[in-house]
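In my numbering, the protein residues as written are 34 to 154.
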């Protein structure tokens, strides 16, 4: 039974779901925004906010935890050099925002833009 489980499976096996979220978080940090479906954006937002909170701490252990979760050095560098310093003044959470864009033509899925707040995007 899945009572009180908040994991969204996104219609994929575990390894594919983890890879999808990791790659989209990486692109979010590199570009400042991504366009995706609403359930994917919610899953990515959760992981991204956790990583930003760890990166804001700035100690070696937190940086290594972020490096473990991100697939490329470029995304880690973008997180540590651009994203975390820009969001250091925020109290807690709320580093991302979701805005509805359109409905996808093929299947009618809601496409949203997940972007970093106070980051110039």
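Ideal Cβ positions, reconstructed from N, Cα and C, are used throughout, including at glycine.
Only a predicted model underlies this, so the values are computations on that prediction, with no experimental measurement involved.
Your pair residue 54 and residue 85 does not check out as a contact, with CB atoms roughly 15 Å apart and the cut at 8 Å. When Cβ pairs closer than 8 Å are counted between the two stretches, the stretch 36-46 is seen not to touch the stretch 107-126, the count staying below three. Uninterrupted alpha helix (DSSP H) stretches at least 4 residues long and entirely within the stretch 105-140 occur at 106-111, given in chain order.
Within 10 angstroms of the beta-carbon of residue 136 lie fewer than 16 other beta-carbons, which makes it exposed. Looking at the DSSP output, residue 145 bridges to 69 and 133. Linking residue 87 to residue 133 through their CA atoms gives a straight-line distance of about 28 Å.
With fewer than 16 other Cβ atoms inside 10 Å of its own Cβ, residue 41 counts as exposed.
Less than 8 Å divides the Cβ of residue 69 from the Cβ of residue 147. Apart from the 5 residues on each side of it in sequence, residue 62 sits with its Cβ closer than 7 Å to the Cβ of 108, 111, 112 and 116 in its chain, given in chain order. At the C-beta level, residue 59 and residue 129 stay beyond 8 Å of one another. Around the Cβ of residue 76, a 10 Å sphere holds 16 or more other Cβ atoms; the residue is buried.
Cβ-Cβ separation between residue 121 and residue 78: approximately 19 Å, too far for a contact (criterion under 8 Å).
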